[in-house]
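So the protein lines, in turn, are chains R and A. Taking this note's numbering, I'd label the letters of the first sequence as residues 4 to 486. Taking this note's numbering, I'd label the letters of the second sequence as residues 898 to 1124. We put the CB at the ideal spot given by N, CA and C, even for glycine. None of the values given here were measured: they were computed from a predicted structure. This report refers to the structure that appears directly beneath it.
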Amino acid sequence: MTILGLAWRSLKQRRLASILTAVSIALGVALTIAVVALRDGAESSYRDTARGYDCILGPTHGSTLDIVLNTMFHVGDMGGTIPWDSYEEAKADEMVKYAVPYAVGDMLRGHHVVGTTSDMFRALMDPDNVPLMESIRGRVFKDGKDFEAVIGGLAAANTGLTLGDKFRVTHGVGMVEHAEEWLVVGVMKPTGTPADRGVFVPIETFYEIEGHQAAGDDVAQRREERAAKRAEREKEHGHAHDGDDHGHAHDGDDHGHAHDGDDCEDPDCEDHGHAHDGDAHGDEHDHAHAEGEECVHGTKEELGLSAVGIRLKSPILRLRYVADVRNDRGPVQAVIPQDQIRELFDVISPIGKLLTWIVALMIVVAGVGTMVSLYNTIAGRRREIAILRAVGARPRHVFSIIVTEALLLCILGGLAGILIGHGTVILIAPYLLDKAGVFLSLGFGTLDVAIAGVLVVLGLVVGLLPAWQGLRTPVAENLHPTE
Amino acid sequence: MSDPALRVRDLKKHYPDPGGGRMLALDVPSLDVGRGEALCMRGESGSGKTTLLNVIAGILPADEGTVEIAGERMTGLSETRRDALRARHIGYLFQTFNLLPGLTALENVQLGMSFRPRHGASPRKAASDALDRVGLADRKRHRPAQLSVGQQQRVAIARALAGHPTLVLADEPTSNLDRNLADQCMELLTSFAAESEAALLVVTHDETLLERFERVETLAAPVGSPA
């Protein structure tokens, strides 16, 4: 019988208490692993993804963080649009390697439908720095007006769509379904990036959707400009134009409106637009025309975008490019995603670290629980200890048996906790990727080794007091009563 | 001539009394047990029989006198050295068997050899042989609670003798057994000890056991101790 064998049998004899003690340690370890995986996963995922573009062009009055989150992570709302010209200018800029337009607002069974160009799959990389283009099974869509689509791996799994399938999209989060159908020509393998949960269509087709073609800048701003012009005109005419500002909500989906053709008799008509983003779609967008105006629809240049992702020829050009945009591009701001994410995590990181320490304290608490549990068992084990001593066990043997029991509880509980923790991470990883665009790294790492080391030390420490108590067991008195 | 298995001289042991003083619990002027010899020590309750065995085994320190096991002095040693000497030379058979409930019969017997230097067969093989010897070949994997009282006592005998000790101490080995079982137990104990060439010291107040021993001595209650 070895010390380990005796300790193991002793734990088995108190099976329930041993299991409960080990479970408390397992829970502490599992929580620590899950929280650290979440914290590190969120941070690295956001930082990695943020490296995809050197900067993003978005509306001037939108939140800079929202621009990054909406464009790169497909979460949140943009809060406005930018002119199509911004994309054309960016594309023509000699500093720019890739300019990738984004237009969002429609959904496919909970997944964002993103109007973009095939350059997106060239500009963005997976965590191994492989362009997303290489993860496409099938082919990328043709840039143009063919209704083709590439679907992210998670979106494909969730929707059940595969190559050759057709689908329709709904407007915003509503149930109103557009009539147009897209053909799935590419399905992405899981990349561990937010692209996994996106549905990507040619931006040209996005504007072909009935109800999407009126575009332009921010609706409210446009309305104010129109109202000001109208008031000026009325002042000039000396009368209020009865029936002016008659807004109308568009049938069906309570949002923007389709305008075909290029001419509009009302000089203001070219400004009628709607913010085409996820936020705006829930609103009823009034589209006002002066009485008697016949509105014909806008040109392509009048169409708006949610954002433009910019990959520069060199990151060194970043500041120069941002300054150029600030000076030249009008109602557009250039946001550096890395800066936004760094600022975000400058705020979040201390909280995350504090949370980790709090959770890690659970391991210590569980260790103290182990010590209390073992200590309390000593009183009931005096006879066992006395028998061991009577058959020749030295004090060090008794000491070693009790410390080994503490070690076994901590190590086995810890191993279970490591498995439970990683199992939890595996279970929640798809949910987080789906809901927050966070890719959790799966697998064992240095944290597990560190936790194992801590548990060995913890086991040794928490075993000391019960072992010392065991040493003090009077042998003769506990074998049988003295005469 | 080799040393006797047990040599005791002028051994005294005191316990604290309720009045704050010390009470003489054991007084043995002289006692020798030769190798392979069996001795029955009878005595009334309170005469110090169990105390004598505990002091000989080194479980309790002696206050005065000497105890030698196979020529090695037990008295005067540190607790750890007494433990080591006990592990090396002594098999202890308790009145209440003292088997560990979480261990199987085989493991309980093995336990007796776990803390002594290994010589000869492996502890597992020796334990298995000892259980075969006491007729429990088919009960090796049973836990004490799954064994009858007589079987438990046989496991305890196997544990005391499996390691081939120099001296076997047996404290009222039959007090928890009926007459028939007591006879079987004593027969087994004495014959097994003889085969192992171990000295056997049995303390008992059971007069019916005396006829089994060629040598019987009486442990008188020490003067001044409560009878």
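Item checked: Status (buried if at least 16 other CB within 10 Å, exposed otherwise) for R/Glu92 -> By the 10 Å Cβ count, R/Glu92 comes out buried.
Next item on the list: Give me whichever residues DSSP pairs with R/Val153 in a beta bridge.
Entry: Paired residues: R/Gly189 and R/Phe203.
Check: With distances taken from CA atoms, which of A/Arg985, A/Gly943, A/Asn1077 and A/Pro998 is nearest A/Pro1119?
Finding: Relative to A/Pro1119, the option among A/Arg985, A/Gly943, A/Asn1077 and A/Pro998 whose CA is nearest is A/Gly943.
Next item on the list: Reducing DSSP to helix, strand and coil, say where R/His115 ends up.
Entry: Reduced to three states, the DSSP call for R/His115 is strand.
Notebook entry, point to check: Could you check where the beta strand (DSSP E) with A/Met938 kicks off and where it finishes?
Noted result: Its beta strand (DSSP E) spans residues Ala935 to Arg939.
Note to self: Quick check on A/Ser1025 - is its C-beta less than 7 angstroms from some C-beta in chain R?
What the structure shows: Not an interface residue.
Check: Comparing the C-beta of A/Asn1073 with each C-beta of chain R, is any distance below 7 angstroms?
Finding: It does not; no Cβ of chain R falls within 7 angstroms.
Check: Taking the beta strand (DSSP E) that R/Gln336 falls in, what are its first and last residues?
Finding: Where R/Gln336 is concerned, the enclosing beta strand (DSSP E) stretches over Val335 to Val338.
Check: Are the beta-carbon atoms belonging to R/Thr74 and R/Tyr105 less than 7 angstroms from one another?
Finding: With respect to the 7 angstroms criterion, R/Thr74 and R/Tyr105 are classified as neighbours on the basis of their beta carbons.
Margin query: Taking beta-carbon pairs under 9 angstroms, can you tell me which members of the stretch 392–424 of chain R lie near chain A?
Written below: Here the close residues are Arg392, Ala393, Val394, Gly395, Ala396, Arg397, Pro398, Arg399 and His400.
Margin query: Rounded to the nearest angstrom, what separates R/Gly473 and R/Ile388 at their Cα positions?
Written below: About 7 angstroms.
Note to self: Given a cut-off of 7 angstroms on the beta-carbon distance, is the pair R/Asp51 and R/Leu315 in contact?
What the structure shows: No.
Next item on the list: Note down the Cα distance separating R/Tyr324 from R/Asp96, rounded to an integer number of angstroms.
Entry: Their backbone Cα atoms lie some 9 angstroms apart in a straight line.
Checklist line | Three-state class that DSSP yields for R/Ala102 in the structure shown | finding: In the structure shown, R/Ala102 sits in a strand (DSSP, three-state: E or B).
Check: Under 7 angstroms between C-beta atoms, does R/Arg54 make it to chain A?
Finding: No, because no Cβ of chain A sits closer than 7 angstroms to the Cβ of R/Arg54.
Check: Is R/Ala470 close to chain A, meaning its C-beta is less than 7 angstroms from at least one C-beta of that chain?
Finding: False, the Cβ-Cβ gap to chain A never drops below 7 angstroms.
Item checked: Boundaries (first-last residue) of the beta strand (DSSP E) holding A/Leu921 -> Here the beta strand (DSSP E) through A/Leu921 covers Arg919 to Val930.
Checklist line | Limits of the alpha helix (DSSP H) - the one that R/Asp43 falls within | finding: That run of the alpha helix (DSSP H) goes Arg18 to Ala53.
Note to self: I want to verify the contact list: residues of chain A whose CB lies under 7 angstroms from the CB of R/Glu387, in sequence order.
What the structure shows: Simply Leu997.
Notebook entry, point to check: Of the residues A/Leu1044, A/Thr993, A/Leu982 and A/Leu957, which one's Cα is nearest the Cα of A/Ala1067?
Noted result: Of the listed residues, the one whose Cα sits closest to A/Ala1067 is A/Thr993.
Next item on the list: Count the other CB atoms, across all protein chains shown, that sit within 10 Å of the CB of R/Thr373; report buried if there are 16 or more and exposed otherwise.
Entry: Residue environment analysis places R/Thr373 among the buried positions, since at least 16 neighbouring C-beta atoms fall within 10 angstroms of its C-beta.
Checklist line | DSSP state of A/Pro915 mapped onto helix, strand, coil | finding: For A/Pro915, the secondary structure class from DSSP, reduced to helix, strand or coil, is coil.
Notebook entry, point to check: If you draw a straight line from the C-alpha of R/Asp6 to the C-alpha of R/Thr407, how long is it?
Noted result: The identity of residue 6 of chain R in the sequence shown is Ile, whereas the question assumes Asp. If I take the Cα positions, the gap works out to 8 angstroms.
Note to self: So that I know if they touch, is there some Cβ in chain A lying closer than 7 angstroms to that of R/Met4?
What the structure shows: For R/Met4, the answer is yes, since a Cβ of chain A falls inside 7 angstroms of its Cβ.
Note to self: Comparing C-alpha positions only, which one of A/Pro1041, A/Thr1063 and A/Leu1064 sits nearest to A/Ala1053?
What the structure shows: Per the Cα distances, A/Pro1041.
Next item on the list: Return the first residue and the last residue of the alpha helix (DSSP H) that R/Tyr324 is part of.
Entry: R/Tyr324 -> alpha helix (DSSP H) spans Arg321 to Asp331.
Notebook entry, point to check: Does the beta carbon of A/Gly1009 sit closer than 7 angstroms to a beta carbon anywhere in chain R?
Noted result: With a threshold of 7 angstroms between beta carbons, A/Gly1009 makes contact with chain R.
Notebook entry, point to check: Tell me which same chain residues have a C-beta within less than 7 angstroms of the C-beta of A/Ala960, skipping the five on either side of it?
Noted result: A small correction: the amino acid at residue 960 of chain A is Asp; Ala does not occupy that position in the sequence shown. Closer than 7 angstroms at Cβ, skipping near neighbours: Lys909, Lys910 and His911.
Next item on the list: Just the chain A side, please: which residues come within less than 8 angstroms of R/Leu19 by C-beta, in chain order?
Entry: Ordered by position in chain A, no residue passes the 8 angstroms Cβ test against R/Leu19, which lies about 14 angstroms from the chain.
Note to self: Tell me which residue opens and which closes the alpha helix (DSSP H) that A/Leu990 is part of.
What the structure shows: Looking at the DSSP string, A/Leu990 is not in any alpha helix (DSSP H); the run it does join, the beta strand (DSSP E), is Ile987 to Leu990.
Note to self: Please give me, in chain order, every unbroken run of the alpha helix (DSSP H) with length at least 4 that falls completely inside the stretch 114–146 of chain R.
What the structure shows: Those alpha helix (DSSP H) runs which fall completely within the stretch 114–146 of chain R and span 4+ residues are 122–126.
Note to self: Can you confirm whether the stretch 5–19 of chain R touches the stretch 345–357 of chain R when touching is taken to mean that 3 or more C-beta pairs between the two stretches lie within less than 8 angstroms?
What the structure shows: Look at the beta carbons and you see the stretch 345–357 of chain R not touching the stretch 5–19 of chain R: under three pairs across the two are nearer than 8 angstroms.
Check: Mind pulling the chain R residues with CB within less than 7 angstroms of A/Ala984?
Finding: Going along chain R in sequence order, the residues near A/Ala984 (Cβ under 7 angstroms) are Gly395.
Notebook entry, point to check: So, helix, strand or coil for R/Thr2, using DSSP?
Noted result: Nothing can be reported for residue 2 of chain R, as the shown portion of chain R is limited to 4 through 486.
Notebook entry, point to check: Using 7 angstroms as the limit for Cβ to Cβ distance, is R/Arg50 near chain A?
Noted result: Not a single CB atom of chain A sits nearer than 7 angstroms to the CB of R/Arg50.
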